[in-house]
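Engineer: Got a structure here, written out as structure tokens. Questions coming.
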Amino acid sequence: MYNILAILFKYIFIIIIYLFIFSIIRLIYLDIKGIEGISSDNRVYLKLINRKESLPYKIKEYYSIDETITLGRNGQNNIIVKDPFISKKHFQIIEDEGDYYLEDLNSANGTYLNGDKIFDAVQLEDGDIVRAGQIEFLFVNR
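First residue of the sequence shown: 82, per our numbering; consecutive thereafter.
And the structure:
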């Protein structure tokens with residue numbers, strides 16, 4: 082009787098170890114897939130600085146910036162964030178002749194660039210930190 086239970090527990094333990102290894106491989110794959118989500122042609126993007134797991138809503142790690150993108154809670158934005166501290170239309174990033182500008186869209190809590198609240202359109206530089214609500218993005222322009 083004890084022999085059968087010992088064998089049964091041994092196989093259950095082995096299955097649990099395989100499931101653990103599988104989940105680690107899956108997390109590594111999803112992390113790599115998120116990095117590859119940015120095309121090599123478009124080297125301008127926003128990278129989430131916050132830990133995704135610490136936020137109470139879903140958000141991607143990277144967002145490519147083509148011409149103009151908007152961020153807010155409204156479903157019509159390019160980047161939709163269900164943060165209660167973010168307005169329906171919070172900010173936009175505009176591309177103009179290769180330069181990128183951050184503009185607050187009269188949000189209730191404001192948009193911050195490198196810790197300073199912005200009031201007008203401000204030119205973005207590589208390495209700038211953009212904050213809206215609880216999230217922070219790193220602006221990358223290569």
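Note that beta-carbon positions come from the ideal geometry of N, C-alpha and C, so glycine has one too.
Would you call the CB atoms of K163 and R154 closer than 9 Å?
Structural biologist: For K163 and R154, yes; Cβs fall inside 9 Å.
Engineer: Decide if R212 is buried, meaning its Cβ has at least 16 other Cβ atoms within 10 Å, or exposed.
Structural biologist: Buried.
Engineer: Below 7 Å CB to CB, which residues in the same chain sit around Q173 once its five sequence neighbours on both sides are set aside?
Structural biologist: Here the set comprises T149, I150, T151, E184 and L186.
Engineer: Under 9 Å between C-beta atoms, does I210 make it to chain D?
Structural biologist: No chain D is part of this structure, which consists of one protein chain only.
Engineer: Under three-state DSSP, which class holds D180?
Structural biologist: Of the three classes helix, strand and coil, the one that applies to D180 here is strand, per DSSP.
Engineer: From this set, K198, A202 and R223, which residue's C-alpha is nearest G208's C-alpha?
Structural biologist: Out of K198, A202 and R223, R223 has the C-alpha closest to the C-alpha of G208.
Engineer: For Y182 and Q157, I'd like the C-alpha separation in whole angstroms.
Structural biologist: Cα to Cα, the separation comes out at about 20 Å.
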